[in-house]
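Student: Can you keep this structure in mind? I'll have questions shortly.
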Amino acid sequence: MNGVNMSLEEVKRDFPDFKPGDTIKVHIKVKEADKERIQVFQGVVIAIRGRGNGKTFTVRKVSFGIGVERIFPFASPSIEKIEIVKRG
1303 MNGVNMSLEE
1313 VKRDFPDFKP
1323 GDTIKVHIKV
1333 KEADKERIQV
1343 FQGVVIAIRG
1353 RGNGKTFTVR
1363 KVSFGIGVER
1373 IFPFASPSIE
1383 KIEIVKRG
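Take a look at the structure:
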């Protein structure tokens, strides 16, 4: 089976159930040159959109006084894990 026809259930990972308003930590695998490391992006979930393989969530944080929003696909292989810091 190729990756294009896979549904979200087939690539579903064991991420916790979170909703907009929750504060989460997203652990992302970052590859730089020949090294790989984990980068943590912590912020508030502001949106969950789509369905199936195209489902995404948006996380917002304030870094050095500047608001940063990042959109993550649920099916992204670069997401190592997601932790819930605070509900609501």
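Using my numbering, the first residue of the sequence shown is number 1303, and each one after it goes up by one.
We put the beta carbon where it would ideally sit given N, CA and C, even for glycine.
Measuring CB to CB, does H1329 end up less than 8 Å from V1342?
Tutor: Contact: yes.
Student: According to DSSP, simplified to helix, strand and coil, what is G1323?
Tutor: G1323 falls in the coil class under three-state DSSP.
Student: How about I1372 and V1361: do their beta carbons lie closer than 8 Å?
Tutor: The amino acid at residue 1372 is misidentified as Ile; the sequence shows Arg. Cβ distance < 8 Å, so R1372 and V1361 count as in contact.
Student: What is the DSSP secondary structure of G1390, reduced to helix, strand or coil?
Tutor: It is coil, neither helix nor strand.
Student: Could you tell me the alpha carbon to alpha carbon distance between V1332 and F1320, rounded to whole angstroms?
Tutor: V1332 and F1320: Cα-Cα distance of roughly 23 Å.
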